[in-house]
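Peer 1:
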Amino acid sequence: MGKTDPPPRKRQKAGEDKAQAQQEDTDTSQMAATEEAAAAAAAAGASPSGRKAPRGARASAEQPPAAGDPAGQQQPQQRARKASRRQGGGGTTSAAAAGDLAGEAAKPASAFQPRDRRFTADSDTIMEAVVKVFCIHTEPNFSLPWQRKRQYSSNSSGFMIAGRRILTNAHCVDHHTQVKVKRRGSDKKFVASVLAVGTECDIAMLTVDDDAFWEGVEPVVFGSLPQLQDAVTVVGYPIGGDTMSVTSGVVSRIEVTSYVHGAAELLGIQIDAAINSGNSGGPAFNASGECIGIAFQSLKHEDAENIGYIIPEPVIAHFINDYERNGSYTGFPCLGVEWQKLENPDMRTALKMQSHHKGVLIRRVEPTAPAHAAVGAYDILLSFDGIHISNDGTVPFRSGERISFSYLVSQKYTNEEAVLRMLKNGKEVTSTVKLAAPVKLIPFHIKGKPPSYFIVAGLVFTPATVPYMRSEYGKEYDFDAPVKLLDKLMHHMAEEPQQQVVLLSQVLAAEVNIGYEEMLNTQVVALNGVKVANMRHLVDLVDGCSEDYLHFDLDYNQKVVLSTAHAKAATKEILSMHCISSDRSPDLPGAVAAAAENAAPGTSGAAAAATANGTDGAAAEAEAAPAAEEKSKGKAASGKASRRR
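Numbering of the sequence shown is given in the numbering used here, commencing with residue 1249 and proceeding in unit increments.
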């Protein structure tokens, strides 16, 4: 809560005490002074209708002349700014408003206030549709992929929409094992099931089977994209209390924004209403009570205050329509190209662009993208679906606004087509291309799946993913991870749809792997001279190896050589020693179970039973494994989002 400037308050209080004393005193001279003061106040700001001037204006009228201004004639603009600040206005006024404070007809106090931030619809009815979401999460342990971490709980917000569905954020139910929701004013929690999770757009859809949950509630109605400075009200259950919270602000900016959870670039709305931990998934309403977005992240920086972000209606509609079209969430497609601006006139001339040509230069095309057949490096993209692209990569958005042309791509659905007009060697050509989901060499998210792993002779292999890098190197993984790994993350493209960067994650020390114990987080390039494409390929190469030795070629020209027979024979014993039920994750073919009869002391009964049955004992081991770390993911709401790219 901000502090009020003490000097104005003191002056204002003194003026009020003076007025009261003047009203109560019956002395003739005091009454004359009172009449004189009233006349001065009327000249300073009273309206012709007899309406009192704003309190700030009355306080200013009662101040003694400032030093250097013996006549008491301060600059009208200066007095207007002071009064406006005390009233909570924007800090500046027009010349007409300044004239009002100098003796002309005064404007009402509302002239100095922001737009009306109150609901004009039935706010109680609207807020009945806002629910509190309780989730139990069990995250995978990416550094020990056969285990899961200790479960933790989080609280967030959501709201009901048509079709007996609830919307919230994807990060609010990430790696969920149980989800419950509670209505406003109710003491009962209802079990909810997750229908769809949109990782890229950070939206999740839930439902509740119990009919009692839906009784007497009207679903939220969506509104159109707001204008700048439109009032917005965020409703939810943030940290700091158990009951519903309502915060107000205005729309500050609308542009393509980085979505931290899914590492996507989609349309976003910046607002100045407070969005705190727990607000995630809550609706943002306009003055008519229509939902214009979902709260999902905020900017926390020492130089920034009250910068929050909501997911706008076009992105929400895309998510819902995608689910209804396909029965599941398929994602936002991409064109699959990297481009640069063409603002330099010499470059445009060298590329044979005419004066009427505008567009962007295609630098690279992803080999896995369908557009690869029609678009080449150094082609110039002039338009997308008939909409012209400027030299800075923007397209017309709304009256007086421009936005990145990636917004046009995000409006499409997976496997839809788009018409591209390009300049190839000075000649204009038109091509129709299909838009597909992006394929990342190092994925930013595994979308709720358990991590993949494979163990042979104590060598633990796993694919490189951003969650794995975050587990190994912390939040600052993009600074602390090995340079070669970061280079693959930021700049390398997948040559094939199933291509992965396979890492030797660590070595579980044993007699068979003496000398290799310190190797970790190094890419596996080849096995016995065959280039490794992905985890499944590595498993097939090891299982099908008929040679005497396994020759692993690693990055930085490192080598690991093991006897094939000794490596396979030692695997069961190593698994038992480390209480690991299987030598590979369930997504990989074949399995070698640990030797249950030789299980090391301390193996939990649940893990041993899972081992004996040849099943994946990850869930059982999670109960016995000590917690490496316990996060308070109530803080996992939008507030933690660091918008660094």
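Ideal Cβ positions, reconstructed from N, Cα and C, are used throughout, including at glycine. On a predicted model such as this, the values are computed, not experimentally measured, just so you know.
Tell me which residues share the same chain as ILE1384 and place their Cβ nearer than 6 Å to its Cβ, disregarding the 5 neighbours each side in the sequence.
Peer 2: Residue numbering aside, residue 1384 sits at position 136 when the sequence shown is read from its first letter. Same-chain partners within the cutoff: GLN1399, SER1401, THR1425, GLN1426.
Peer 1: So, at 8 Å on beta carbons, what are the nonlocal neighbours of VAL1809 in its own chain, with the 5 sequence-adjacent residues on each side left out?
Peer 2: Along the sequence shown, one-based indexing puts residue 1809 at 561. These residues qualify, in order along the chain: TYR1797, LEU1798, HIS1799, PHE1800.
Peer 1: Please return the same chain residues whose Cβ sits closer than 7 Å to the Cβ of GLU1466, not counting the five positions on each side in sequence.
Peer 2: The residue labelled residue 1466 in the question sits at position 218 within the sequence shown. Once the five neighbours on either side are set aside, the close Cβ partners of GLU1466 are THR1373, ALA1377.
Peer 1: For the alpha helix (DSSP H) holding TYR1571, just list the boundary residues, first then last.
Peer 2: Your numbering for residue 1571 matches position 323 in the sequence shown. Here the alpha helix (DSSP H) through TYR1571 covers 1561-1574.
Peer 1: Would DSSP call ASN1403 helix, strand or coil?
Peer 2: By 1-based counting over the sequence shown, the position of residue 1403 is 155. ASN1403: strand per DSSP, three-state reduction.
Peer 1: Give me whichever residues DSSP pairs with SER1658 in a beta bridge.
Peer 2: Taking the first residue of the sequence shown as 1, we reach residue 1658 at position 410. None; SER1658 has no bridge partner.
Peer 1: With three or more C-beta pairs closer than 8 Å as the rule, is the segment 1592-1610 touching the segment 1550-1563?
Peer 2: No, the segment 1550-1563 is not in contact with the segment 1592-1610.
Peer 1: I need the DSSP call for LYS1548, collapsed to helix, strand or coil.
Peer 2: Residue 1548 sits at position 300 when you count from the first residue of the sequence shown. Three-state DSSP puts LYS1548 in coil, outside helix and strand.
Peer 1: Using the beta-carbon count (16 or more within 10 Å), is GLN1747 buried or exposed?
Peer 2: Against the sequence shown, residue 1747 aligns to sequence position 499. Under this definition GLN1747 is a buried residue.
Peer 1: With a threshold of 16 other CB atoms inside 10 Å of the CB of LEU1768, please say whether the residue is buried or exposed.
Peer 2: Your numbering for residue 1768 matches position 520 in the sequence shown. Burial call: exposed.
Peer 1: Going by DSSP in three states, HIS1785 sits in which element: helix, strand or coil?
Peer 2: Along the sequence shown, one-based indexing puts residue 1785 at 537. Of the three classes helix, strand and coil, the one that applies to HIS1785 here is helix, per DSSP.
Peer 1: Under a Cβ-count criterion, where at least 16 other Cβ atoms within 10 Å of its own Cβ denotes burial, should PHE1727 be classed as buried or exposed?
Peer 2: Position 479 of the sequence shown, counted from the first residue, corresponds to residue 1727. It is exposed - the Cβ of PHE1727 has fewer than 16 other Cβ atoms within 10 Å.
Peer 1: Quick check: what's the CA-CA separation for TYR1571 versus VAL1667?
Peer 2: Working through the sequence shown from its first residue, we reach residue 1571 at position 323. Working through the sequence shown from its first residue, we reach residue 1667 at position 419. Straight-line Cα distance between these residues: approximately 25 Å.
Peer 1: Which residues mark the beginning and the end of the alpha helix (DSSP H) in which GLU1538 is found?
Peer 2: Within the sequence shown, residue 1538 is the residue found at index 290, counting from 1. Run containing GLU1538: none; DSSP gives neither H nor E here.
Peer 1: How far does the alpha helix (DSSP H) with ALA1813 in it extend, from its first residue to its last?
Peer 2: As a working note, residue 1813 is residue 565 in the sequence shown. First-last of the alpha helix (DSSP H) with ALA1813: 1812-1825.
Peer 1: Evaluate MET1738 with the Cβ neighbour count: other Cβ atoms within 10 Å of its Cβ, from every protein chain shown; 16 or more gives buried, anything less gives exposed.
Peer 2: What you label residue 1738 is simply residue 490 of the sequence shown in a count that begins at 1. Looking at its Cβ environment, which holds fewer than 16 other Cβ atoms inside 10 Å, MET1738 is exposed.
Peer 1: Is it buried or exposed for GLU1676, if we count other Cβ within 10 angstroms and need 16 for buried?
Peer 2: As a first step, residue 1676 must be located in the sequence shown, where it is residue number 428. That one is exposed.
Peer 1: Which same chain residues, not among the five before or five after ARG1412, have their C-beta less than 7 Å away from its C-beta?
Peer 2: For the purposes of this step, residue 1412 is taken as the residue at position 164 of the sequence shown. Only THR1455, TRP1462 meet the Cβ criterion.
Peer 1: Whose C-beta lies closer than 6 Å to the C-beta of ALA1359 among residues of the same chain, with five residues either side of it excluded?
Peer 2: Along the sequence shown, one-based indexing puts residue 1359 at 111. In this prediction, ALA1359 has a pLDDT of 37, which is less than 50 and means its spatial position is unreliable; nothing more can be read from the coordinates.
Peer 1: Buried or exposed: THR1481, going by 16 or more other Cβ atoms within 10 Å of its Cβ?
Peer 2: As a position in the sequence shown, residue 1481 is number 233, starting the count at 1. Under this definition THR1481 is a buried residue.
Peer 1: Checking the sheet assignment: what are the DSSP bridge partners for THR1710?
Peer 2: By 1-based counting over the sequence shown, the position of residue 1710 is 462. LEU1751, per the DSSP bridge assignment.
Peer 1: Find out if the Cβ-Cβ distance for the pair GLY1579, GLY1526 is shorter than 9 Å.
Peer 2: The sequence position of residue 1579 within the sequence shown is 331, counting from 1. The sequence position of residue 1526 within the sequence shown is 278, counting from 1. No, Cβ-Cβ distance for GLY1579 and GLY1526 is not below 9 Å.
Peer 1: Work out the CA separation of ALA1757 and VAL1787 for me, nearest whole Å.
Peer 2: For the purposes of this step, residue 1787 is taken as the residue at position 539 of the sequence shown. For the purposes of this step, residue 1757 is taken as the residue at position 509 of the sequence shown. Using only the alpha carbons, I get a separation of about 21 Å.
Peer 1: How many whole angstroms separate the CB atoms of GLY1584 and HIS1620, which I take to be in contact at a CB cut-off of 8 Å?
Peer 2: Indexing the sequence shown from 1 puts residue 1584 at position 336. Indexing the sequence shown from 1 puts residue 1620 at position 372. The pair is a contact, with the Cβ atoms about 7 Å apart (cut-off 8 Å).
Peer 1: So, for ALA1512: in the same chain, excluding its five sequence neighbours on each side, which residues have a beta-carbon less than 6 Å away from its beta-carbon?
Peer 2: Within the sequence shown, residue 1512 is the residue found at index 264, counting from 1. Here the set comprises GLU1448.
Peer 1: Have a look at VAL1504 and TYR1661 and give me their C-alpha separation to the nearest angstrom.
Peer 2: Locating residue 1504 in the sequence shown gives position 256, counting from the first residue. Locating residue 1661 in the sequence shown gives position 413, counting from the first residue. Taking the straight line joining both Cα atoms gives about 17 Å.
Peer 1: What are the residues that DSSP puts in a beta bridge with GLU1387?
Peer 2: Counting from one through the sequence shown, the residue named residue 1387 turns up at place 139. None, per the DSSP bridge assignment.
Peer 1: With a threshold of 8 Å on Cβ separation, who are the neighbours of LEU1789 within its own chain once the five nearest residues in sequence on each side are excluded?
Peer 2: One-based indexing of the sequence shown puts residue 1789 at position 541. Closer than 8 Å at the Cβ level, and outside the excluded window around LEU1789, lie LEU1775, ASN1776, VAL1778, VAL1780.
Peer 1: Please go through the same chain and pick out, in chain order, the residues whose beta-carbon is closer than 8 Å to the beta-carbon of LYS1437, but skip the five residues on each side of it.
Peer 2: Locating residue 1437 in the sequence shown gives position 189, counting from the first residue. So the qualifying residues of the chain are PHE1382, LYS1428, VAL1429, LYS1430.
Peer 1: If we count the other Cβ atoms within 10 Å of its Cβ and call it buried at 16 or more, is PRO1691 buried or exposed?
Peer 2: Residue mapping note: residue 1691 aligns to position 443 of the sequence shown, counting from 1. Answer is buried; the Cβ neighbour count reaches 16.
Peer 1: Among the residues of its own chain, which have a CB less than 7 Å from the CB of GLU1724, if the five just before and after it don't count?
Peer 2: Taking the sequence shown and counting its residues from 1, the one referred to as residue 1724 is at position 476. Excluding positions up to five away in sequence, the list is empty.
Peer 1: By the three-class DSSP mapping on this structure, what secondary structure does ILE1374 have?
Peer 2: On the sequence shown, position 126 is the one that residue 1374 refers to. Reduced to three states, the DSSP call for ILE1374 is helix.
Peer 1: Note down, in chain order, each residue of its chain lying with its Cβ closer than 8 Å to the Cβ of THR1678, except the 5 sequence neighbours on either side.
Peer 2: Locating residue 1678 in the sequence shown gives position 430, where the first residue counts as 1. The residues are VAL1667, LEU1668, ARG1669, MET1670.
Peer 1: Which of the three DSSP states, helix, strand or coil, is assigned to THR1770?
Peer 2: Start at 1 with the first residue of the sequence shown, and residue 1770 comes out as number 522. Looking at THR1770 - three-state DSSP - the assignment turns out to be strand.
Peer 1: Can you tell which of MET1492, ASN1639, SER1441 has its C-alpha closest to the C-alpha of SER1405?
Peer 2: Counting from 1 along the sequence shown, the entry for residue 1405 is found at position 157. Of the listed residues, the one whose Cα sits closest to SER1405 is MET1492.
Peer 1: With which residues is SER1496 paired in a DSSP beta bridge?
Peer 2: Numbered from its first residue, the sequence shown carries residue 1496 at position 248. Bridge partners of SER1496: THR1481.
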